[in-house]
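Shown next, in structure tokens, is the structure this report addresses.
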Amino acid sequence: MTSVEADRIVEQARQAQSRWGALTVSRRCEHLSRLRQAISSECEGIAITIAQETSKPLLDSLSGDVMVTLEMLRYYESHAPKILRARRLSKPALFFRGIQFESLLEPYGVALIFGPSNYPFQLAMVPMITALAAGNAVVLKVSERAPATAHLIARLCAEAGLPADVVQVLHNDAADSAALIEARPDVIFFTGSTRNGQIVALSAAKHMIPSILELGGKDAALVFADCHLERAVEGITYGAYSNSGRVCVGTKRAFVQQSIYGEFVLRLGLRIAQLNVDKDMHADLYPLGEEESGLLCEQVEDALSCGATLQWPLDPASVGRTPILLTDVPPQSSLLTEESFGPVLCVAPFRDEAEALALANATDFALGASIWTRDKHRARRVATALSAGSCAVNDVIRMIANPHAPFGGNRLSGYGRYHGPEGLRAFSRSKTLMIAGSLRSREINWFPFTARTSRQLAGLLKFRHSTAGPISRLARLFLALWLGAACFAPTNAQAPSSTRLDITVRLTPEAHGELAYLVFQSPAGFPGDTAKAVRRGFLAISPGTAQAHIALDLPAGTYAVSVYEDRNANHKLDHNLLGIPREPVGASNNPRWRMGPPRFEDCSFVVGNKPESITISLVGGL
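Given below as structure tokens:
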């Protein structure tokens with residue numbers, strides 16, 4: 100890929116994003132709902148395609164790729180509108196009296212997402228879904244080892260009706276990744292090896308592009324003597340050998356309390372011997388191919404040469420084609436210090452909790468961990484002391500499948516989190532909005548600076564942050580409040596306290612132009628006299644928009660709202676000779692417009708001290 104081609108791809112995404120980001124979150128979620136329906140309608144066929152391309156069992160593909168993706172789609176459909184809406188912030192009332200603060204989340208713009216080959220559907224789709232819900236356009240680079248999955252994703256996006264260029268799916272060579280980063284997307288999400296993640300991080304840093312890195316792990320299982328031993332053996336067998344060990348949160352190290360160490364290793368070896376390793380969709384795991392097993396075999400040979408004991412397979416010649424179990428692995432061996440991607444598990448004993456924690460944390464990787472014990476207090480204590488990004492108690496791997504729970508690693512396992520609310524925030528810029536509560540001519544901290552003002556402020560700060568006793572502090576608190584009122588009192592009356600009113604307007608299918616809204620506090624002028632409205636405004640209507648949202652801050656009182664589609668942008672409601680509106684109209688409480696406009700009394704509602712929400716449906720229009 101040339102730099103010109105990469106620039107064109109990112110620019111197309113940027114143009115598409117300007118329209119996609121202008122849609123309401125609810126409207127974007129409608130597209131995601133159609134994508135979920137498209138996936139669910141052919142989930143078995145999708146799973147078969149992935150399983151055949153990645154050499155994994157069908158059940159693993161169906162659960163690990165398809166199910167996780169569907170659940171994430173469902174989660175964001177339900178929760179994205181709430182997570183992404185503006186949040187009112189607190190403030191020190193003494194210094195910001197009457198001022199309103201809000202926190203806004205806005206899309207970055209163009210998200211460049213790199214997917215890996217082990218779960219090519221889930222690990223590409225989930226960050227893509229998250230970025231789209233947040234309002235970004237996506238350039239999705241699927242692993243070059245999964246071209247069929249790339250075509251599948253592109254087809255599903257098209258069938259779901261996603262607008263052109265909002266998602267562009269690529270499966271070029273890995274070498275093309277550099278050109279895409281040089282095209283300067285607005286945010287980068289990378290899933291893959293630590294080595295490649297470091298390259299991406301350096302390239303992104305050169306252009307100050309924020310990035311989220313989901314990299315490899317060296318997950319440890321800590322098995323205590325009071326555990327349910329059979330469950331621990333079954334769970335760790337699954338954690339170590341699922342998808343032939345090609346799982347970022349797969350178990351690579353198991354530390355077992357000395358008193359049960361011998362029995363655990365014996366049971367684990369017997370359980371491994373029962374695994375069905377075959378090139379069959381219903382086997383437990385596939386044998387690794389030559390390319391994938393090459394590095395793993397080198398790491399195992401290095402460990403054996405340093406004194407490790409091969410517990411399974413019994414025939415050393417089978418290493419690389421079957422699950423591997425090692426004991427007595429020296430801490431300096433590459434199998435414990437480097438990322439390993441294959442069906443291998445290293446087991447070692449520990450004496451007590453402190454040693455178990457020291458062994459588990461003795462790595463530069465920190466992605467996941469599991470703790471096997473019946474003692475809930477110990478489990479929480481150990482989880483707190485582990486450096487991993489996720490910890491499971493008496494379970495493995497499944498934490499990555501919960502759409503509500505943030506996921507990510509530390510150290511060489513990457514940085515940033517996705518899934519849940521953190522996922523949407525990772526693909527959003529945070530903006531703080533401050534709205535002054537009054538329009539007096541100047542504030543106390545503005546020019547001109549005076550000695551008197553400095554003395555007042557210094558005294559106020561001393562009183563406010565004093566370390567005196569409780570009675571003295573109470574007296575000083577009242578004095579500080581009095582001084583604060585004196586220092587920061589407005590020269591004219593403060594605006595009255597306000598309440599948030601959220602208005603959702605359901606537009607007509609052919610909506611275009613601008614949406615006009617008028618807010619009245621009395622029958623005078625209702626519903627169309629702009630001059631007598633206490634609030635008014637016009638919002639541009641994006642093509643294809645089904646709903647519009649208006650957020651207002653109003654003093655407590657009785658109000659009525661009228662809206663109309665100003666299709667010719669003349670900032671007035673057009674009527675025919677009989678006085679019937681030519682443009683779609685609506686009002687609060689959704690009254691029927693019969694024989695003339697509705698009355699204020701039929702449309703009025705009360706705004707109190709708590710936030711209010713109303714929905715208005717537009718009707719009519721000639």
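In case it helps, the working numbering puts the sequence shown at residues 100 to 721. Note that the Cβ used here is the ideal one computed from N, Cα and C, for glycine as well. None of these values were measured; they are calculated from a predicted model.
Helix, strand or coil for residue 602 per DSSP?
strand
Quick check: what's the CA-CA separation for residue 342 versus residue 159?
7 Å
Quick check on residue 136: buried or exposed, where buried means 16 or more other Cβ atoms within 10 Å of its Cβ?
exposed
Where the beta strand (DSSP E) containing residue 665 begins and where it ends
656-665
If you pair each beta-carbon of the stretch 196-206 with each one of the stretch 549-559, do three or more pairs fall below 8 Å?
No, the stretch 196-206 does not touch the stretch 549-559.
Please return the same chain residues whose Cβ sits closer than 6 Å to the Cβ of residue 289, not counting the five positions on each side in sequence.
213, 296, 299 and 312
When burial is assigned at 16 or more other CB atoms within 10 Å of the CB, is residue 224 buried or exposed?
buried
Around the Cβ of residue 545, are there at least 16 other Cβ atoms within 10 angstroms (buried) or fewer (exposed)?
exposed
If you reduce the DSSP assignment to three classes, tell me which class residue 339 lands in.
helix
Output yes or no for whether 9 Å exceeds the beta carbon distance between residue 348 and residue 209.
no
Host alpha helix (DSSP H) of residue 201 (start-end):
Where residue 201 is concerned, there is no enclosing alpha helix (DSSP H), although the beta strand (DSSP E) it sits in stretches over 199-206.
Could you tell me the alpha carbon to alpha carbon distance between residue 560 and residue 191, rounded to whole angstroms?
13 Å
Please state whether DSSP places residue 558 in a helix, a strand or coil.
helix
Look up residue 311 in the DSSP assignment and give the residues it is bridged to.
288
Contact between the stretch 245-261 and the stretch 371-385 is defined here as three or more beta-carbon pairs at a separation below 8 Å; is this criterion met?
no
Distance, residue 233 Cα to residue 524 Cα
8 Å
Shortest alpha-carbon distance to residue 364 belongs to which of 336, 306 and 611?
336
Please list, in chain order, all residues of the same chain as residue 717 whose beta carbon is under 8 Å from its beta carbon, the five residues on each side excluded.
Shown here for residue 717: same chain residues with a beta carbon closer than 8 Å to its own, the five before and five after excluded, namely 604, 605, 606, 607, 610, 662, 663, 664, 683, 684 and 685 in chain order.
Alpha-carbon to alpha-carbon, residue 270 and residue 346
Looking at the two C-alpha atoms, the distance is approximately 21 Å.
Between the Cα of residue 426 and those of 411, 416, 465 and 437, spot the shortest distance and give me the residue it belongs to.
411
Do you know offhand how far residue 653's Cα is from residue 618's?
10 Å
In its own chain, which residues sit with a C-beta less than 7 Å from the C-beta of residue 303, not counting the 5 before and 5 after it?
280, 287 and 310
CA-to-CA distance, residue 177 to residue 126, given in whole angstroms
12 Å
Ignoring anything shorter than 3 residues, give me the beta strand (DSSP E) runs that lie fully in the stretch 675-719, in order along the chain.
Runs found: 684-686, 704-706 and 711-716.
Quick one: what's got a C-beta closer than 8 Å to residue 640's C-beta in the same chain, skipping five residues either side?
606, 610, 611, 612, 613, 614, 647 and 664
Rounded separation between residue 529 and residue 276 - CA only:
27 Å
In chain order, what residues of the same chain have a beta carbon less than 8 Å from the beta carbon of residue 148, not counting five sequence neighbours either side?
247, 248 and 251
Cut-off 6 Å between Cβ atoms - residues of its own chain near residue 217, not counting five sequence neighbours on either side
345
Counting C-beta neighbours from all protein chains within 10 Å, is the total for residue 518 16 or more, i.e. buried, or is it exposed?
buried
Could you say which of 378, 115 and 512 lies nearest to residue 463 if we only look at CA atoms?
Looking at 378, 115 and 512, the one whose alpha-carbon comes closest to that of residue 463 is 512.
Counting pairs of Cβ atoms below 8 Å between the stretch 105-121 and the stretch 254-273, do you hit three or more?
yes
Is the distance from the Cβ of residue 442 to the Cβ of residue 340 below 9 Å?
yes
Could you check which residue in 388, 424, 367 and 414 has the C-alpha nearest to that of residue 402?
424
From the DSSP output, in three-state form, read off residue 360 for me.
Residue 360 falls in the helix class under three-state DSSP.
What is the rounded straight-line gap between the Cα of residue 503 and the Cα of residue 186?
Cα to Cα, the separation comes out at about 20 Å.
If you draw a straight line from the alpha carbon of residue 353 to that of residue 332, how long is it in whole angstroms?
Cα-Cα distance, rounded: 10 Å.
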